[in-house]
Amino acid sequence: MLRLVRSRRALAAAIIVVFFAALFTAAWPRDDHRVAAATAITTTTTKPTTTTAQKPSHPFEAADAIVPEVQLYDAPGATTPTDSMPNPTVENVPLAFLVKAHGPPGWLQVQISRRPNETLAWIRATDVAVRGVDNRIVVQRDERELTVYKGMTDAVLLQVPVATGAPATPTP
154 MLRLVRSRRA LAAAIIVVFF AALFTAAWPR DDHRVAAATA ITTTTTKPTT TTAQKPSHPF
214 EAADAIVPEV QLYDAPGATT PTDSMPNPTV ENVPLAFLVK AHGPPGWLQV QISRRPNETL
274 AWIRATDVAV RGVDNRIVVQ RDERELTVYK GMTDAVLLQV PVATGAPATP TP
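Numbering (the working numbering), first residue to last: 154 to 325.
Written out as structure tokens, the structure is:
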């Protein structure tokens, strides 16, 4: 029975991800038309930091995996990975990350889609293609509401009710 529940949850999550990926692709043209579904459900409200003096052209950055498996590290320059993530994911969705910071040359700090929520890791920049993301999605679990905002503004593009996980297993 537990296996059936897990597969239904995974199926429901995949359907939601595909829906929002299709919605963003059709409604908001981008410079790069590749939309990784994992990016579509980012729950961040903070702008990634950069170490360069240039101002990014988009308020957020996503990193799309271009290798079959992305190695995760505790610190930039580490020689031994602590874990890895397959590309595509077990739900057969292209692996994507929210870029939180640019570290030393060749390294990115990214938010990974694992518990605990908002877990960070370092990855090699050569394992991903970085692209700009204009909009942000905020999921308010207590209010059971998903809101899509235009960039860093308070302009609401979409607001819909959503189902969330149980208190012991909150939606990441």
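Heads up, the beta-carbon is just placed ideally off N, CA and C, and yes, glycines get one too. On a predicted model such as this, the values are computed, not experimentally measured, just so you know.
Asked                                                                                                                                                                         : Found
Can you list, in chain order, the residues of its chain with a C-beta nearer than 6 Å to that of valine 223? Leave out the 5 residues immediately preceding and following it. : Met238, Ile276 and Asp280
Using the Cα positions of proline 328 and proline 229, report the straight-line distance between them to the nearest angstrom.                                                : For residue 328 there is no data in the structure shown, the boundaries of the chain being 154 and 325.
Bridge partners of methionine 238, per DSSP?                                                                                                                                  : Val223
Roughly how many angstroms lie between the CA atoms of glutamine 262 and valine 313, to the nearest whole one?                                                                : 30 Å
Could you tell me whether any non-hydrogen atom of the ligand SAH is closer than 7 Å to the CB of methionine 238?                                                             : Within the structure as shown, the ligand SAH is missing, as the structure has no ligands at all.
Considering only residues of the same chain and omitting the five flanking positions on each side of threonine 235, which have a CB-CB separation below 7 Å?                  : Leu225, Tyr226 and Asp227
Rank Ala308, Ala274, Gly318 and Pro269 by C-alpha distance to the C-alpha of glutamine 293 and give the top, closest one.                                                     : Gly318
Span of the beta strand (DSSP E) holding glutamate 271?                                                                                                                       : Glutamate 271 -> no beta strand (DSSP E), and no H or E assigned at all.
Considering only residues of the same chain and omitting the five flanking positions on each side of aspartate 287, which have a CB-CB separation below 6 Å?                  : His211 and Gly304
Could you please give the first and the last residue of the uninterrupted beta strand (DSSP E) stretch that includes histidine 255?                                           : 249 to 255
Can you give the Cα-Cα distance for proline 269 and asparagine 240, rounded to whole angstroms?                                                                               : 21 Å
Considering only residues of the same chain and omitting the five flanking positions on each side of threonine 322, which have a CB-CB separation below 7 Å?                  : none
For leucine 251, which option in Asn245, Val243, Ala282 and Leu311 has the closest C-alpha, if you only look at C-alpha atoms?                                                : Ala282
DSSP three-state label for valine 316, please.                                                                                                                                : In the sequence on display, residue 316 carries alanine and not valine. Three-state result, alanine 316: coil.
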